[in-house]
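Engineer: Below you will find the structure I want to go over with you.
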Amino acid sequence: MRIRLAGLVSALLALLTVGAAPAVAGTTVVITGGGWGHGIGMSQYGAYGRALRGHSSKRILEHYYSGSSVTEKQMTKIRVGLLQTRSVIRMSPRKFRADRALITFHEQGVPGRITGGRPGTTFRIEPSGTGGMRIYKNGNLVKKDGRRVFGSPANPVIVRYTKHRSMVHVEEKNTSYAYGHLEVGSYQSSSCSAGFCLRLVAKLSMQKYLYGLGEVPSSWPDAALRSQAIAGRTYAYEKIRRLGQHRFPCDCAVYDSVIDQAYIGDSKRTGSGIYWDDWTGAVDATNREVILHNGGPIQALYSSSSGGHTENNENVWGGTPLPYLRGVPDGPDDVSANPNHRWKVEMSWARFEDEFQASYNIGELERFRIMDPLGVSGRVTVVKSADRGGVKIVGSRNTYRDSGWDIRSVLSLKDTLFKIRYKTTTNRNMRGAYDALDELPGTPVEPAYNRYDTSGRVVATVQHFENGQMVWNARTGDVTWRWEDNVATWSDESGELTVEGSAFVTEDCLAASCS
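If you want the working numbering, it's the position in the sequence shown, counting the first as 1, plus 14.
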């Protein structure tokens with residue numbers, strides 16, 4: 015190899031226009047991460063690990079919710095949204111504490127019952143075109159006092175079962191409910207053929223609501239169960255205080271899903287087996303206890319696993335920083351029962367590219383970059399400015415910025431605590447120069463991609479390495495390596511390496527750090 019100093023061939027990059035990147039055969043995208051959920055507030059597996067270490071529920075909660083305290087408050091009944099946007103709701107009686115189960119239907123504000131039934135009876139409710147509801151018992155339309163339509167958008171149909179020591183089974187939820195009562199309401203919407211849709215709400219006491227909270231296994235240690243009961247109660251209590259109990263379209267304080275908290279009704283009891291008393295005992299032992307900060311209830315966010323450190327709320331979803339939702343170390347999250355403390359996902363470059371194309375219409379993917387700064391836990395943050403936070407996705411059609419939370423959804427990841435690397439090789443057009451440089455550019459960190467001129471011809475291939483980037487000139491066949499303020503151009507035809515920059519260059523030393 016012969017080395018000589020020469021002028022910089024700068025015209026190469028000037029020729030380039032933003033072009034497309036082919037899906038790179040053989041390139042694997044490796045995503046390593048930790049945690050499951052959003053990583054804000056309490057880690058459920060972290061609480062489990064802390065309980066195993068002998069921490070009390072009070073100590074656990076005050077660790078995850080900075081500057082908070084646990085205090086008793088008077089609770090009200092809670093409205094839980096079970097179903098929305100429905101054209102039909104089906105239900106039937108189930109035995110609970112009585113020998114003979116019974117459920118009855120009532121119109122709010124109207125004395126007496128519309129109808130009722132015992133086991134073996136099925137009910138179907140459909141909206142009418144005027145906003146009322148038709149009730150079918152064993153397939154037959156229910157009629158009473160000459161009426162066939164009951165209720166209205168302002169007056170729901172009430173389903174009672176607790177007073178009869180029974181349960182009601184809701185087919186669309188595939189579960190039963192033993193506490194409180196159900197309200198079947200209607201609301202105007204073009205989403206349903208009648209012009210009105212149905213919704214189903216459970217109204218019950220806070221304690222009985224927590225009985226059906228399916229967030230953690232009932233077999234967990236007592237301190238972890240108590241922590242979950244207090245956090246779940248606080249979450250619901252704060253939601254009622256802040257947003258009321260009639261959110262649209264659910265007409266509820268909280269949804270029964272991960273939109274809020276997973277309320278699964280009697281499935282919690284049947285799924286708990288011999289540990290049912292442990293869970294209800296934790297709920298009862300913490301009755302009326304909630305988490306406060308500066309005298310007010312906190313937004314008691316929690317997720318399954320933190321991956322070892324929780325995150326500041328504003329770094330995950332943006333918004334105002336909340337003083338009690340600060341990221342804190344969480345070593346006990348690394349407990350043997352936790353399958354998500356660390357995880358890895360691998361996919362082909364083609365699939366990686368397809369996911370971004372489907373979500374952002376970027377064309378063919380050229381580059382994907384996680385932007386600094388990361389969150390206090392190492393999580394990918396929201397976009398903070400033009401060049402800070404979130405991710406940068408460069409495609410042949412456009413460049414897109416987005417948050418770690420949205421990328422989590424696009425790539426079906428478990429958390430925003432992730433890093434990305436590529437299993438790839440040096441582009442074949444650069445291999446000669448790479449070998450002649452004694453592999454000084456380092457390993458490739460991204461697949462190579464093409465750049466095109468305005469007529470669609472390939473003018474260059476670009477690949478990024480640990481130490482700079484290499485560019486193959488399609489017209490001359492030369493390869494240019496750029497690192498820091500230095501440029502080395504290799505010509506396969508002449509076997510010469512041309513170097514310009516501040517680096518001290520010898521045959522054995524081409525890196526700027528050698529100077």
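Positions of the beta carbon are idealized from the N, C-alpha and C atoms, including for glycine.
Given the structure is predicted, the values throughout are model-derived calculations rather than measurements.
Please report the distance separating the alpha-carbon of K398 from that of P387.
Structural biologist: Distance between the alpha carbons of K398 and P387: 9 Å.
Engineer: Hey, how far is the Cα of V501 from the Cα of T440?
Structural biologist: V501 and T440: Cα-Cα distance of roughly 18 Å.
Engineer: Using beta-carbon positions only, say whether G226 and R213 come within less than 8 Å of one another.
Structural biologist: No, the pair does not count as a contact, with Cβ atoms beyond the cut-off.
Engineer: Helix or strand or just coil, what does DSSP make of A243?
Structural biologist: The answer is helix: DSSP assigns A243 an H, G or I state.
Engineer: Are G541 and V215 touching if we call contact CB-CB under 8 Å?
Structural biologist: This structure cannot settle anything about residue 541, because the visible part of the chain is limited to 15 through 529.
Engineer: Given this structure, state the Cα-to-Cα distance separating P461 from G40, to the nearest angstrom.
Structural biologist: Using only the alpha carbons, I get a separation of about 10 Å.
Engineer: Using DSSP's beta-bridge definition, name the partner residues of D416.
Structural biologist: V405, per the DSSP bridge assignment.
Engineer: Using 10 angstroms around the beta-carbon of H260, count the other beta-carbons present and answer buried if the total reaches 16, otherwise exposed.
Structural biologist: So H260 ends up on the exposed side.
Engineer: Give me the residue from I45, R247 and V171 with the minimum Cα distance to N301.
Structural biologist: Checking every option, the nearest Cα to that of N301 belongs to R247.
Engineer: Does G11 come out as helix, strand or coil in the three-state DSSP assignment?
Structural biologist: The requested residue 11 does not occur in the structure, where the chain is confined to residues 15 to 529.
Engineer: I'd like to confirm the pairing. Which residues does DSSP put opposite T189 in its beta bridges?
Structural biologist: Beta-bridge pairing links T189 to V184.
Engineer: Under a three-way DSSP split, which group does R383 fall into?
Structural biologist: Strand at R383.
Engineer: Quick one: grab the DSSP three-state call for H195.
Structural biologist: The answer is strand: DSSP assigns H195 an E or B state.
Engineer: Considering Cα atoms alone, identify which of R381, S203 and E514 is closest to P263.
Structural biologist: Nearest of R381, S203 and E514 to P263, Cα basis: S203.
Engineer: Do A250 and A267 come within 8 Å of each other at the CB atom, strictly closer than that value?
Structural biologist: For A267 and A250, yes; Cβs fall inside 8 Å.
Engineer: Would you please state the rounded distance, in angstroms, between the beta carbons of S82 and H307? I believe it to be under 8 Å.
Structural biologist: So it is a contact: roughly 5 Å between Cβ atoms.
Engineer: Taking a contact to mean a Cβ-Cβ separation below 8 Å, would you say Y79 touches G49 in this structure?
Structural biologist: No, the pair does not count as a contact, with Cβ atoms beyond the cut-off.
Engineer: Taking its Cβ as the centre, do 16 or more other Cβ atoms sit within 10 Å of T294, making it buried, or is it exposed?
Structural biologist: Buried: at least 16 other Cβ atoms inside 10 Å.
Engineer: Which same chain residues, not among the five before or five after L66, have their C-beta less than 8 Å away from its C-beta?
Structural biologist: Counting only Cβ-Cβ distances below 8 Å, and skipping sequence neighbours, we find P235, P346 and V349.
Engineer: Please return the same chain residues whose Cβ sits closer than 6 Å to the Cβ of T129, not counting the five positions on each side in sequence.
Structural biologist: Cβ neighbours of T129 beyond the five flanking positions: F119, K151 and V156.
Engineer: How far does the beta strand (DSSP E) with W357 in it extend, from its first residue to its last?
Structural biologist: Element bounds for W357: W357 to S362.
Engineer: Give the DSSP-derived three-state secondary structure of M444 in the structure shown.
Structural biologist: M444 falls in the helix class under three-state DSSP.
Engineer: Starting from W331, trace the alpha helix (DSSP H) both ways and give me its first and last residue.
Structural biologist: Looking at the DSSP string, the run of the alpha helix (DSSP H) that includes W331 is N327 to W331.
Engineer: Using the three-state DSSP reduction, which class does Q371 fall into: helix, strand or coil?
Structural biologist: In this structure, Q371 counts as helix in the three-state DSSP scheme.
Engineer: With Y530 as the anchor, note down where its beta strand (DSSP E) starts and where it stops.
Structural biologist: For the chain, the structure presents residues 15 to 529; residue 530 sits outside this window and is missing.
Engineer: State the Cα-Cα distance for the pair K406 and S232, rounded to the nearest angstrom.
Structural biologist: When rounded, the distance between both Cα atoms is 42 Å.
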